[in-house]
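First to last, the sequence lines map onto chains A and B. Following this note's numbering, the numbering of the first sequence begins with 1 at its first residue and continues without gaps. Following this note's numbering, the numbering of the second sequence begins with 1001 at its first residue and continues without gaps. Yeah, the Cβ is synthetic: ideal placement off N, Cα and C, and Gly gets one too. Quick caveat: nothing in here was measured; it's all calculated off a predicted structure. Notes follow once the structure below has been shown.
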Amino acid sequence: MAYIELHNDLPGIRGLMVYSPKTAKPLNELVEVLLRDHDNSLSRGERELISSYVSYLNDCIFCQNVHGALAGHYLHCDLASMDKIFSDTHTSTCLPR
Amino acid sequence: MAHIPLDETLPGMRRLLAFHPAIGPVLTGLMQVMMRGNQGLQPGERELIAAYVSGINQCSSCENIHSAVTCHLFNLNELELNTIKKDYNTATISDRLKAVLSIVEKIHCGGGHVTSKEIEHAKSMGCSDQEIHDTVLIAALFSMFNRYIDGLGLESHDTPEILNDRGKHIAENGYSE
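Spelled out as structure tokens, the structure:
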């Protein structure tokens, strides 16, 4: 349960965004540019993978799974394959760069 | 020198804002909302959070400029602010502000390090839910900026005079320009 009263039951950051729409707007604008802008040599899948991996390293399950699911959609990987990539990034044959 | 080519004639963070034209305006907009919100935490308190978390994250680029802004907004000299940053528990600041900084100190270690103990203490000192929300978000945001700047190898060569002038400008005008 959140430490403050969010007045909604939405999961993870979604609850925070509904609680504080003024801060949610620029945060979402930032994430939209970072993760979805087409003018980027990193594919959307690669960027979602970065997001999911750093969330895994930061022990944030919600972000790891949401962005993991998106990465899986773009890269045609399931979450189990994603976990394997995360657990051993040095030997994974997926996405060598 | 930065790990990627940047316009080194621009000061501080502006080098990164200029690098990616689509990201710069978005980050600037985010800063204006977070640091100049007109409810709850005052701008000086927001800048103190930014300066304090940047200091314990060891990002001198961010710590220096936001310390300068804090000094202008709170009418403090550098020594007085350093005393607060070094040990806020014994500094001459309100118990409410000490409670805010105790949350920030935990955010520096990681979000999961914040416990109900710090939150309930902040509430008992008069912090509203919105103020607690903004404390966590500003500390998290600046932890992100600290990593962004240090991760790309940016160094700050600002003199005390430059920091004082820019600090005064930001204190008076915010982040919208």
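Exercise. Do SER1054 of chain B and HIS1066 of chain B come within 9 Å of each other at the CB atom, strictly closer than that value?
Worked result: Here residue 1066 of chain B corresponds to residue number 66 of the second sequence, with the count starting at 1. Here residue 1054 of chain B corresponds to residue number 54 of the second sequence, with the count starting at 1. It is a contact, given that the beta carbons lie within the stated cut-off.
Exercise. Just the Cα atoms here: how many angstroms apart are GLY1024 of chain B and GLY1112 of chain B?
Worked result: For the purposes of this step, residue 1024 of chain B is taken as residue 24 along the second sequence, with counting starting at 1. For the purposes of this step, residue 1112 of chain B is taken as residue 112 along the second sequence, with counting starting at 1. C-alpha separation (whole angstroms): 29 Å.
For this session: Using 10 angstroms around the beta-carbon of HIS1108 of chain B, count the other beta-carbons present and answer buried if the total reaches 16, otherwise exposed.
Result: Taking the first residue of the second sequence as position 1, residue 1108 of chain B is located at position 108. It is buried - the Cβ of HIS1108 of chain B has at least 16 other Cβ atoms within 10 Å.
For this session: Within the same chain, show all residues whose beta-carbon is closer than 6 Å to that of ALA71 of chain A, passing over the 5 residues directly before and after it, in chain order.
Result: For the purposes of this step, residue 71 of chain A is taken as the residue at position 71 of the first sequence. Closer than 6 Å at Cβ, skipping near neighbours: GLY45, GLU48, LEU49 and SER52.
Exercise. Exposed or buried, what is THR1135 of chain B when buried is set at 16 or more other beta-carbons lying within 10 Å of its beta-carbon?
Worked result: Taking the first residue of the second sequence as 1, we reach residue 1135 of chain B at position 135. Burial call: buried.
For this session: Would you list, in sequence order, the uninterrupted alpha helix (DSSP H) runs of no fewer than 4 residues that lie entirely inside the segment 1068-1099 of chain B?
Result: 1078-1086
Problem set entry | Buried versus exposed call for GLY1167 of chain B [16 or more other C-beta atoms within 10 Å across all chains shown] | Here residue 1167 of chain B refers to the residue found at position 167 of the second sequence. By the neighbour-count rule (16 or more Cβ atoms within 10 Å), GLY1167 of chain B is buried.
Problem set entry | Whole-angstrom C-beta distance between LEU30 of chain A and VAL18 of chain A, which should lie under 8 Å | For the purposes of this step, residue 18 of chain A is taken as residue 18 along the first sequence, with counting starting at 1. For the purposes of this step, residue 30 of chain A is taken as residue 30 along the first sequence, with counting starting at 1. VAL18 of chain A to LEU30 of chain A, Cβ: 18 Å. No contact.
Problem set entry | Beta carbon proximity, PRO11 of chain A to chain B, threshold 9 Å | Indexing the first sequence from 1 puts residue 11 of chain A at position 11. Chain B, which has no Cβ nearer than 9 Å to the Cβ of PRO11 of chain A, makes this no.
Problem set entry | ASP1007 of chain B, buried or exposed, once every other Cβ within 10 Å from all chains shown has been counted against 16 | For the purposes of this step, residue 1007 of chain B is identified with residue 7 of the second sequence, where counting begins at 1. Label assigned to ASP1007 of chain B: exposed.
Exercise. Expressed to the nearest angstrom, what Euclidean distance is found between the alpha-carbon atoms of PRO1043 of chain B and ILE1149 of chain B?
Worked result: Against the second sequence, residue 1043 of chain B aligns to sequence position 43. Against the second sequence, residue 1149 of chain B aligns to sequence position 149. Spanning the two alpha carbons is a distance of roughly 23 Å.
Exercise. Could you give the residue range of the alpha helix (DSSP H) that holds ALA24 of chain A?
Worked result: As a first step, residue 24 of chain A must be located in the first sequence, where it is residue number 24. 21-36 is the extent of the alpha helix (DSSP H) around ALA24 of chain A.
Exercise. Should LYS1179 of chain B go down as buried or exposed, given a rule of 16 or more other Cβ atoms within 10 Å for buried?
Worked result: What the structure shows of chain B is the stretch from 1001 to 1177, and residue 1179 of chain B is not part of that stretch, so it cannot be assessed.
Exercise. DSSP on GLY1029 of chain B, reduced to helix/strand/coil?
Worked result: One-based indexing of the second sequence puts residue 1029 of chain B at position 29. Helix, per DSSP.
Exercise. Are the C-beta of GLU46 of chain A and some C-beta of chain B separated by less than 9 Å?
Worked result: What you label residue 46 of chain A is simply residue 46 of the first sequence in a count that begins at 1. Not closer than 9 Å to any Cβ of chain B, the Cβ of GLU46 of chain A fails to qualify, so no.
Exercise. Using a Cβ-Cβ distance under 9 Å, would CYS60 of chain A count as near chain B?
Worked result: Taking the first residue of the first sequence as position 1, residue 60 of chain A is located at position 60. Yes, CYS60 of chain A lies at the interface with chain B (some Cβ there is under 9 Å from its Cβ).
For this session: Select from the segment 1091-1113 of chain B all residues with a C-beta closer than 8 Å to any C-beta belonging to chain C, and list them in chain order.
Result: Protein chains in the displayed structure are A and B, and chain C is not among them.
Exercise. What residues in its chain sit with their C-beta under 7 Å from that of LEU1027 of chain B, if we drop five residues either side in the sequence?
Worked result: Counting from 1 along the second sequence, the entry for residue 1027 of chain B is found at position 27. Within the same chain, LEU1027 of chain B has close Cβ partners LEU1017.
Exercise. If you draw a straight line from the alpha carbon of THR1070 of chain B to that of PHE1145 of chain B, how long is it in whole angstroms?
Worked result: Taking the second sequence and counting its residues from 1, the one referred to as residue 1070 of chain B is at position 70. Taking the second sequence and counting its residues from 1, the one referred to as residue 1145 of chain B is at position 145. Their backbone Cα atoms lie some 17 Å apart in a straight line.
Problem set entry | When B:ILE1084, B:GLY1151, B:LEU1041 and B:TYR1088 are compared against HIS1003 of chain B, the one with the closest alpha-carbon | Position 3 of the second sequence, counting from 1, holds the residue named residue 1003 of chain B. Checking every option, the nearest Cα to that of HIS1003 of chain B belongs to B:GLY1151.
For this session: Could you say which of B:ASN1075, B:ASP1129 and B:LEU1048 lies nearest to HIS7 of chain A if we only look at CA atoms?
Result: Counted from its first residue, the first sequence places residue 7 of chain A at position 7. Of the listed residues, the one whose Cα sits closest to HIS7 of chain A is B:ASP1129.
For this session: Using a cut-off of 9 Å between C-beta atoms, extract the partners of SER20 of chain A located in chain B.
Result: For the purposes of this step, residue 20 of chain A is identified with residue 20 of the first sequence, where counting begins at 1. Within chain B, the residues near SER20 of chain A are GLN1130, HIS1133, ASP1134 and LEU1137.
Exercise. For GLU1078 of chain B, which of B:PHE1142, B:GLU1063 and B:ARG1046 has the nearest alpha-carbon?
Worked result: Start at 1 with the first residue of the second sequence, and residue 1078 of chain B comes out as number 78. Checking every option, the nearest Cα to that of GLU1078 of chain B belongs to B:GLU1063.
Exercise. By DSSP, does ARG1014 of chain B sit in helix, in strand, or in coil?
Worked result: For the purposes of this step, residue 1014 of chain B is taken as the residue at position 14 of the second sequence. Helix.
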